[in-house]
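Engineer: Below is one structure. I have some questions about it.
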Amino acid sequence: MAERERLLAGSASGHFQARTQVMTADDVARAVKRMAHEILERNHGSAGVMLIGMQTGGVALAVRLATAVTEIEGSQIPVGTLDATMHRDDFGLRPVMPEASTEIPEDPTGKTIVLVDDVLFTGRTVRAALDAIHSYGRPQAIQLAVMVDRGHRELPIRPDYVGKNLPTRRDEMVDVNDSGVELGEMVS
Amino acid sequence: MTATTLRQRGPKHLLSMADLDRDDIEQILNLTESFAEVGERSIPRVPALRGKTIAWLFYEDSTRTRLSFETAAKRLSADTMNFSVGSSSVNKGESLRDTVETIAAMGIDGIVVRHGAAGAPRQVSEWTDASVINAGDGWHQHPTQSLLDLYTARQHLDELDGKHIAIIGDIKHSRVARSNALGFSAMGARVTLVAPPTLLPSTLDGWPVEATHDLDAVLEELDICYLLRMQLERQGQAVVPSLREYHNEYGLTSARADRLPNDALIMHPGPMNRGVEIAGEVADRPAAVITEQVANGVSVRMAVLFLLLGSGLDVVDEQRAIA
Numbered sequence: 115m116a117e118r119e120r121l122l123a124g125s126a127s128g129h130f131q132a133r134t135q136v137m138t139a140d141d142v143a144r145a146v147k148r149m150a151h152e153i154l155e156r157n158h159g160s161a162g163v164m165l166i167g168m169q170t171g172g173v174a175l176a177v178r179l180a181t182a183v184t185e186i187e188g189s190q191i192p193v194g195t196l197d198a199t200m201h202r203d204d205f206g207l208r209p210v211m212p213e214a215s216t217e218i219p220e221d222p223t224g225k226t227i228v229l230v231d232d233v234l235f236t237g238r239t240v241r242a243a244l245d246a247i248h249s250y251g252r253p254q255a256i257q258l259a260v261m262v263d264r265g266h267r268e269l270p271i272r273p274d275y276v277g278k279n280l281p282t283r284r285d286e287m288v289d290v291n292d293s294g295v296e297l298g299e300m301v302s
Numbered sequence: 061m062t063a064t065t066l067r068q069r070g071p072k073h074l075l076s077m078a079d080l081d082r083d084d085i086e087q088i089l090n091l092t093e094s095f096a097e098v099g100e101r102s103i104p105r106v107p108a109l110r111g112k113t114i115a116w117l118f119y120e121d122s123t124r125t126r127l128s129f130e131t132a133a134k135r136l137s138a139d140t141m142n143f144s145v146g147s148s149s150v151n152k153g154e155s156l157r158d159t160v161e162t163i164a165a166m167g168i169d170g171i172v173v174r175h176g177a178a179g180a181p182r183q184v185s186e187w188t189d190a191s192v193i194n195a196g197d198g199w200h201q202h203p204t205q206s207l208l209d210l211y212t213a214r215q216h217l218d219e220l221d222g223k224h225i226a227i228i229g230d231i232k233h234s235r236v237a238r239s240n241a242l243g244f245s246a247m248g249a250r251v252t253l254v255a256p257p258t259l260l261p262s263t264l265d266g267w268p269v270e271a272t273h274d275l276d277a278v279l280e281e282l283d284i285c286y287l288l289r290m291q292l293e294r295q296g297q298a299v300v301p302s303l304r305e306y307h308n309e310y311g312l313t314s315a316r317a318d319r320l321p322n323d324a325l326i327m328h329p330g331p332m333n334r335g336v337e338i339a340g341e342v343a344d345r346p347a348a349v350i351t352e353q354v355a356n357g358v359s360v361r362m363a364v365l366f367l368l369l370g371s372g373l374d375v376v377d378e379q380r381a382i383a
């Protein structure tokens, strides 16, 4: 979500400046592999599991997790995307525009959905995504996988699969990109 | 008429296609795609306009536009307030202004206005803080119809630049023709109006269009064949000798439909008079996207309602004004 919020914040809030490299690309690759194992272990295989990447930061991670699952089990699992913008609770407080697509490849009813995002922060996006998923059907269970849990939750939401727990200050910014994970802040 | 665009004014009202430039239209059409997806869910409802109230103020008959707006508002979880003129104090002589101020006093966020007098929605927008959407004013404008036509055409043709659309029929009495002449030419399409002399406006000065009285002369080069309903209720006197003659000269008969290019679209804003402006059989051909227009109408109206009432773009403007 970090990436998306930065996009929405636009030029008014300046731009992201990285301070520390928290994870390298190799660290992220190892974390993806471990999380794929954990997902398979927890769900006793990949049957009935669907990965849903949250737009926009979680989409690439969902695809990587699905690839890792295929490498381990040899089976394909469905991967979708979800833009929960229209279910957010901060309409009217800041500009909110849906801009990314939602694609749920199969009916989620009876399935185990693993929501995937890059950074877990306040938990409000996840709350919106939980609402959004239910307008497509009634899953058997919903689990949450994130690359970085940076704390500061405002809702009773916790991840099931975590790449890295990263203590942060509220005004810091976490960026997950191709070269790994960086911690920094917005400067104007 | 002011020439300020949607973005310059801040997206507060939607009154006329003349207020929208190409970027505005593209923004709305792109937003429409997100909302079309909502309609495909098993529970097609999002909470984006929860807590907002929208009033319908319809001084003219309307079934499809009203139902379409109503569906759009419900899919966005807005509350709606129905003001039907037949059973209200308009019958007791209340003026438009008093009616608007009364509704506004109840606390509403948006008013969707249809009125027989051109310019009534713009007038209403000066009497209230709510967002005003024009759902048709006399012969003047019907912007959401034009937006849904543009969306439908773009879905099939990808790009409207350089495409040729003929708008055929009762141009003079048609707000759809006026809206689409502006909308399609803003998107770079070439617009030709086709009608008998009695059904063309007395002057086309300032319209970005060409006009002809001969449908057969343009048929073979069209990308879109847009038929208008013969608006018998708006015509003061007999403007065509008979409906049968009109059908023979300007109706899209089977023989004419055969002469259209293979990938040309047949569009109609509805309701159709089969056998007058369009042959019954032609309306059921695959090239006729008339029911798609209706389905897209809901998505486009969701996008418009969201843009005006829920996107928070006006909040940004306020913050900028403070800063």
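The listed protein sequences derive, respectively, from chains U and S. Taken in order, the first sequence gives residues 115 to 302; the numbers are from my numbering. Taken in order, the second sequence gives residues 61 to 383; the numbers are from my numbering. The C-beta atom is built at its ideal place from N, Cα and C for all residues, glycine as well.
1. Which residue marks the beginning of the beta strand (DSSP E) containing THR181 (chain U), and which one marks its end?
2. When you compare the CB of MET200 (chain U) with every CB in chain S, is at least one pair closer than 9 Å?
3. Ordered along the chain, which non-local residues of its own chain (more than five positions away) have a Cβ less than 8 Å from that of SER122 (chain S)?
4. If we cut at 9 Å on Cβ distances, does ILE103 (chain S) have a partner in chain U?
5. Using C-beta distances below 6 Å, list every residue in its chain close to LYS112 (chain S), excluding the 5 sequence neighbours before and after it, in chain order.
6. Residues of chain U with a CB under 7 Å from the CB of SER3 (chain S): which are they?
7. Sort U:MET300, U:ALA180, U:GLY265 by Cα distance to VAL228 (chain U) and report the nearest one.
8. For chain S, is any of its Cβ atoms less than 9 Å away from the one on THR236 (chain U)?
9. Please tell me whether GLY265 (chain U) and PRO281 (chain U) are closer than 9 Å, where the distance is taken between their beta carbons.
10. As a quick exercise: from S:THR212, S:ARG124, S:ALA115, S:ARG214, pick the residue whose alpha carbon is nearest that of GLY167 (chain S).
11. Can you give me the C-alpha to C-alpha distance between VAL98 (chain S) and GLU286 (chain U), rounded to a whole angstrom?
12. With burial defined as no fewer than 16 other Cβ atoms inside 10 Å of the residue's Cβ, what is the status of SER94 (chain S): buried or exposed?
13. Check the Cβ-Cβ distances between VAL98 (chain S) and every residue of chain U, and say whether any is below 9 Å.
14. For GLN131 (chain U) and ALA259 (chain U), what's the separation of their Cα atoms in angstroms?
15. For GLN68 (chain S), which three-state DSSP category applies?
16. Leaving out five residues before and five after GLU120 (chain S) in sequence, what residues of the same chain have Cβ atoms less than 6 Å from its Cβ?
17. Are the CB atoms of PRO273 (chain U) and ASP263 (chain U) within a distance shorter than 9 Å?
18. With 9 Å as the threshold, decide whether the Cβ of ALA213 (chain S) is near any Cβ in chain U.
19. Can you check whether the CB of ILE284 (chain S) is closer than 9 Å to the CB of LEU208 (chain S)?
20. Return the residue from the list U:LEU175, U:GLN135, U:THR170 that minimises the CA-CA distance to ALA150 (chain U).
21. For GLY224 (chain U), is the classification buried or exposed, using 16 other Cβ atoms within 10 angstroms of its Cβ as the cut-off for buried?
22. Which residue comes first and which comes last in the alpha helix (DSSP H) that contains PHE130 (chain U)?
23. Are there 16 or more other CB atoms within 10 angstroms of the CB of ARG252 (chain U), so buried, or fewer, so exposed?
24. I believe LEU288 (chain S) touches ASP230 (chain S) by the beta-carbon criterion, under 8 Å. Please report the beta-carbon distance rounded to the nearest angstrom.
25. Restricting to Cα atoms, I'd like to know which of S:ASN308, S:SER76, S:THR125, S:ARG82 is closest to ALA246 (chain S).
26. Have a look at the DSSP bridge pairing and note the partners of GLN201 (chain S).
27. Within the 9 Å Cβ cut-off, does TYR250 (chain U) reach chain S?
28. Determine the DSSP secondary structure at GLU97 (chain S), reduced to helix, strand or coil.
29. CA-CA distance, ASN240 (chain S) and VAL301 (chain U)?
30. Taking beta-carbon pairs under 9 Å, can you tell me which members of the stretch 346 to 359 of chain S lie near chain U?
31. For PHE235 (chain U), which three-state DSSP category applies?
32. Write down every uninterrupted run of the alpha helix (DSSP H) in the stretch 241 to 298 of chain S whose length is 4 residues or greater and which is fully enclosed by it, in chain order.
33. Please go through the same chain and pick out, in chain order, the residues whose beta-carbon is closer than 6 Å to the beta-carbon of ASN291 (chain U), but skip the five residues on each side of it.
34. For ILE228 (chain S), is the classification buried or exposed, using 16 other Cβ atoms within 10 angstroms of its Cβ as the cut-off for buried?
35. Cβ closer than 8 Å: which chain U residues qualify as neighbours of VAL106 (chain S)?
36. So, at 6 Å on beta carbons, what are the nonlocal neighbours of HIS200 (chain S) in its own chain, with the 5 sequence-adjacent residues on each side left out?
Structural biologist: Working from what's here:
1. Boundaries around THR181 (chain U) are those of the alpha helix (DSSP H), 171 to 187, since no beta strand (DSSP E) includes it.
2. Flagged as an interface residue toward chain S: MET200 (chain U), by a C-beta distance shorter than 9 Å.
3. ARG174, ALA195, GLY196
4. yes
5. ALA138, ASP169, LEU369
6. Given that chain S is displayed from residue 61 to residue 383, the structure contains no residue 3 (chain S) and the question cannot be resolved.
7. U:ALA180
8. no
9. yes
10. Distance check between GLY167 (chain S) and each of S:THR212, S:ARG124, S:ALA115, S:ARG214 places S:ALA115 closest, using alpha-carbon atoms only.
11. 34 Å
12. buried
13. yes
14. 26 Å
15. The pLDDT assigned to GLN68 (chain S) is 47, lower than 50, so where the model puts this residue is not dependable; a value taken from the coordinates is nonetheless given after this. Of the three classes helix, strand and coil, the one that applies to GLN68 (chain S) here is helix, per DSSP.
16. ARG174, GLY176
17. yes
18. No, because no Cβ of chain U sits closer than 9 Å to the Cβ of ALA213 (chain S).
19. no
20. U:LEU175
21. exposed
22. It is not in any alpha helix (DSSP H) - PHE130 (chain U) instead sits in the beta strand (DSSP E) that spans 129 to 138.
23. Exposed, because fewer than 16 other Cβ atoms sit within 10 Å of the Cβ of ARG252 (chain U).
24. 5 Å
25. S:ARG82
26. S:ASP197
27. yes
28. Looking at GLU97 (chain S) - three-state DSSP - the assignment turns out to be helix.
29. 46 Å
30. Answer set for the stretch 346 to 359 of chain S: empty.
31. coil
32. 275 to 278
33. none
34. Its Cβ being crowded by 16 or more others within 10 Å, ILE228 (chain S) is buried.
35. MET200, HIS201, ALA246, SER249
36. ALA178, ARG235
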